[in-house]
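Protein chains in written order, with the working numbering: chain A, 1 to 238; chain B, 1001 to 1341. Where a beta carbon is used, it is the ideal one built from N, C-alpha and C, also for glycine. Given the structure is predicted, the values throughout are model-derived calculations rather than measurements. Encoded as C-alpha cells, the structure appears first; notes follow it.
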Amino acid sequence: MYVMGIDTATLVCSVAVVSEEKTLAEYTQQVKKTHSERLLPLIDTILRDTGLKPQDLSGVAVAGGPGSFTGLRIGMVTAKALGQALALPLCSISTLAALAAQHPLFPGLICPILDARREQVYNAIFTAGTQVERLVADRSLSVTELLQELQQRPEPVLFVGDAVPVYRQIISRALVSRACFMPPESAICRASSVARLGLAQFSAGQVQSWRDLHPAYLRRSEAEIKYQQTQIEGGDSC
Amino acid sequence: MTQKLILAIETSCDETAAAVVADGKIILSNIIASQVPVHQKFGGVVPEIASRHHLEMINEVVEEALLEANCTFADLAAIAVTHGPGLVGALLVGVNTAKTLAYALDKPLLAVNHVLSHIAANFLVHEVVFPAVCLVVSGGHTNLLYLTSRWQAELLGATRDDAAGEAFDKVARVLGLGYPGGPAIDKAAETGNSSAFAFPRAFTGQNNNFEFSFSGLKSAVINTLHNLKQKGENFQTADVAASFQQAVVDVLVEKTCLAAEVKQVKTVLLAGGVAANRSLRQQLEQALAAANRNLIYPPPVLCTDNAAMVAAAGWNLYVKQKFAGLDLNATPVLDNLWQVQ
Ligand SMILES: [Zn+2]
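Okay, structure coming up:
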C-alpha cells in the first residue's frame, strides 16, 4: 500500500509517500514561494522519483487543520482533486496529531502549538511514552490559558509546532525545567507523519472520499465574528 | 467523437462555476453555484467566506458539469481555469483544483484571464466580425478594448479608481437597496426621474480620452444624500438611483461611441456583469445604431461570472497550444495582459 501525505497547514510545504514498511520519499520545504506554486511540482517530483503513477497510490492523507486558512485550503483542494480525478480514497488528519505522532517515545505530555495570531495558538495535548494518545481535542486558546492548564500537571511537556519560536521564553518561564524543546527539524509539520496516520486509517477500513473532506479551521472568519458581535450588541440595546 | 471538450472552472469572486464546452462554442453544461445569499448580510463579498464556500462547492460543481454534459474526465481535451484578476483566496481554490485535475488526468492546463473571458462570452453566442471595440464593465473592471481578432486585444482605457459595478454596489448600499447593487439599482431606477439630480460625469467631452473614474460620482451621491437628510428634505430613492445610473450610463455610452468612431469599427461588444443593465444596453444600442454601428452582448447568464466563458477564452489558448505549468499561481492583479493572447 502506497499512501501519499500532504501538509501545507503552516509555512512548511511537505509531501511524502509511505508504505507499510518505510518512507519512500519525503520533501519538506520552507522557502519563500507560495504553497500554490510549490505543492503540485513537489507531488510530481516525488512520484517521478519513486517511480509511481498517481493511480498507483492507495490513498491520499492530508493535514486537514488547524492551520493557516489559505494553506489548509491548498492542501485540501489538491487532495480532493486527486481523489475526484482518480477515485482515490482520502482522509483528513489533524495537523496537531501529525505533529505529536513524530515523538512516540517522549516520556510525558506532547503539546503541539501552531500560531493562530490574535495572541492565540491552535493546540491539543497528547500523552506519549509507548504510543501517542490524545487527551484534549483540537482547540484555539491563549498561551496563558494553556500554561495555566499545564501547571496543574506534573509531567514534562514537549512543545512542537511553528508557535514555539514565538512563545519559547514565556513557556520556559512558566514551566521551567519541565518545558522540553526539539531541534527545528523535529518540531515542524512533516507529511510522512500525516501519511503514516493515514495509512493506519486506510488499513482499518476508514476510507473517505472528496465529498467527506472539510478543513477544520477551528475558527470562523473575522467578518462572521464581527457580525455576530454587532448582532449581540444590537440585541442588548433593544 | 471529434469534438474537443474543455472543462472550465471559475472561482474569482462569489460564484463557484464549472462548464463543459465543445470546440470553444457549444455549451454542453454551465453550472453556477452562487454565494450571493451568503454575502448579502455583510453588504458585499467577504473574501475568507468566499474561499471557504468555493472549497465546499467546487468538486460537486465539476461533477455536475460533467454529468450534465454527459461526459467523463477521460473525454476531456483540456482543463481551463481563471487565474486572475480576482480575489486571491477565491482564485486559489479554482487554480489548485484545475491544475491537480489536469495533472492527475494528464490533460493540458489552460490559464485564462478573467477579463478576456468576459469578452469571450460573446464568442459563445455571436459570430463576431473584427475589428471590434469592447466595453467590459463589472464589479471589478471597467475597460475599453480594441479587438483585432479573437486572440488580440489592445487596451484603450480603464478606470482610474472604482469599477462601474463597484460604484453600483456602494450606492445601492447607502440607498439601502441591498446587495448586489447592479440589479437593485436597475430595478429602483425604473420609476425614478433620471434628471432629478445632476451628478458629475468624469472625463467626458474629451477627445481621445478613454479613461474612466467613478469614485467622484460615488462621493457626490453620498454627499447629496447626506445634505438632503441633514436639511430634512424629502426625496425619492428612485430618483437618486435613476440619476446615478444615468450618470454612469452617459459616461459609458460616450466613451464607447468615441472609441468606435476613432477606431472606425462596425461592431461593438458589451461584456461583464454590468452588461446585464437594461438602461446601458438600450442607450448604447441606440447611440451606436445612430452611427450605423452594431451592438452585441451575451444573455444575462453569460454576462455575470460563469465558467462557459472561461472555456471559450481557454479555447484560444488550446488552439495555440499555450499550456500552463504545474506551478500556476493565482494572480489577483493582472496588468500586462492585453497583447498576450
Ligand atoms: Zn467577472
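Reducing DSSP to helix, strand and coil, say where residue i ends up.
i: D236 (chain A); result: Residue placement at D236 (chain A) is flagged as unreliable, the pLDDT there being 39, under the threshold of 50; the coordinate-derived value follows with that caveat. Note: D236 (chain A) maps to helix in three-state DSSP.
i: A1324 (chain B); result: coil
i: H1054 (chain B); result: helix
i: N1143 (chain B); result: strand
i: E1154 (chain B); result: strand
i: C1257 (chain B); result: helix
i: P112 (chain A); result: strand
i: H1342 (chain B); result: With chain B represented from 1001 up to 1341, any question about residue 1342 (chain B) goes unanswered, as that position is not in the structure.
i: D1023 (chain B); result: coil
i: G67 (chain A); result: coil
i: E1060 (chain B); result: helix
i: E1166 (chain B); result: helix
i: Q208 (chain A); result: strand
i: S1029 (chain B); result: strand
i: M182 (chain A); result: coil
i: A79 (chain A); result: helix
i: G1309 (chain B); result: Per the sequence presented here, residue 1309 (chain B) reads as Met, with Gly not at that position. Helix at M1309 (chain B).
i: E224 (chain A); result: helix
i: C1303 (chain B); result: helix
i: L52 (chain A); result: coil
i: L1288 (chain B); result: helix
i: N1336 (chain B); result: The pLDDT assigned to N1336 (chain B) is 48, lower than 50, so where the model puts this residue is not dependable; a value taken from the coordinates is nonetheless given after this. Residue state, collapsed to three classes: coil.
i: G1216 (chain B); result: helix
i: K1179 (chain B); result: It should be pointed out that residue 1179 (chain B) corresponds to Tyr in this sequence rather than to Lys. Y1179 (chain B) falls in the coil class under three-state DSSP.
i: R134 (chain A); result: strand
i: N1113 (chain B); result: strand
Kindly list the residues whose CB is nearer than 7 Å to the CB of residue i, restricted to its own chain and excluding five residues on each side of it in sequence; keep chain order.
i: G235 (chain A); result: Note that G235 (chain A) has pLDDT 41, beneath the 50 cutoff, so the model's placement of it is unreliable and the number below is only indicative. Nothing meets the Cβ criterion.
i: T1148 (chain B); result: F1130 and P1131
i: C13 (chain A); result: Q29, H35, R38, L39 and L42
i: S68 (chain A); result: A9 and T10
i: T50 (chain A); result: V17, L24 and A25
i: V1088 (chain B); result: A1330 and P1332
i: T1237 (chain B); result: L1175 and A1188
i: G198 (chain A); result: V3, G5, G59, A61, C91 and I93
Out of the options, which one is the CA nearest neighbour of residue i?
i: L88 (chain A); options: A:C180, A:S221 and A:M1; result: A:M1
i: P1108 (chain B); options: B:A1330, B:V1248, B:K1320 and B:S1219; result: B:K1320
i: E1261 (chain B); options: B:R1281, B:A1291 and B:P1180; result: B:A1291
i: A1220 (chain B); options: B:F1212, B:A1247 and B:E1211; result: B:A1247
i: L1091 (chain B); options: B:A1069, B:R1052 and B:N1208; result: B:R1052
i: E1056 (chain B); options: A:T45, A:I46, A:G59 and A:K80; result: A:K80
i: I110 (chain A); options: A:L99, A:D44 and A:A63; result: A:L99
i: G71 (chain A); options: B:E1048, B:Q1035 and B:A1276; result: B:E1048
Below 6 Å CB to CB, which residues in the same chain sit around residue i once its five sequence neighbours on both sides are set aside?
i: A1198 (chain B); result: none
i: I1185 (chain B); result: F1168, A1172, A1241 and Q1245
i: V1081 (chain B); result: I1009, G1094, V1095 and A1098
i: V1021 (chain B); result: I1006, I1027, A1308 and A1311
i: G1178 (chain B); result: A1184
i: N1336 (chain B); result: Unreliable placement is indicated for N1336 (chain B), whose pLDDT of 48 sits below 50; the coordinate value is still reported in the next sentence. Nothing meets the Cβ criterion.
i: A1111 (chain B); result: H1083, A1324 and L1328
Can you name the residues of chain B whose CB is closer than 7 Å to the CB of residue i?
i: S36 (chain A); result: L1092, V1095, N1096, N1329 and A1330
i: I74 (chain A); result: L1092 and N1096
Starting from the beta carbon of residue i, find every residue of chain A whose beta carbon is closer than 9 Å, and list them in chain order.
i: A1077 (chain B); result: Those within 9 Å of A1077 (chain B) in chain A number zero; the least Cβ separation is about 15 Å.
i: Y1103 (chain B); result: L40, I43, D44, P54, A81, L82 and A85
i: V1062 (chain B); result: A81 and Q84
What residues from chain A crowd round residue i, counting only those whose CB sits closer than 8 Å?
i: I1049 (chain B); result: S221, A223 and E224
So with CB distances below 9 Å, who are the chain B contacts of residue i?
i: P215 (chain A); result: R1052 and L1055
Run through chain B and tell me which residues come within less than 8 Å of residue i, C-beta to C-beta.
i: Y77 (chain A); result: For the sequence presented, residue 77 (chain A) should be read as Val rather than Tyr. Going along chain B in sequence order, the residues near V77 (chain A) (Cβ under 8 Å) are L1055, I1058, L1092, V1093, N1096, T1097 and T1100.
Leaving out five residues on either side along the sequence, give the residues of the same chain with a beta carbon under 8 Å from the beta carbon of residue i.
i: C238 (chain A); result: The predicted position of C238 (chain A) is uncertain, since its pLDDT is 34 and thus under 50; no value can be drawn from it.
i: K1025 (chain B); result: F1123, L1124, A1312 and W1315
By the criterion of Cβ-Cβ separation under 7 Å, what are the contact partners of residue i in chain A?
i: L1326 (chain B); result: L40, P41 and D44
i: K1231 (chain B); result: Under the 7 Å cutoff, chain A gives no residues; its nearest Cβ is about 28 Å from K1231 (chain B).
i: V1046 (chain B); result: S221 and A223
With DSSP as the reference, identify every bridge partner of residue i, one or two as the case may be.
i: E26 (chain A); result: A:A16
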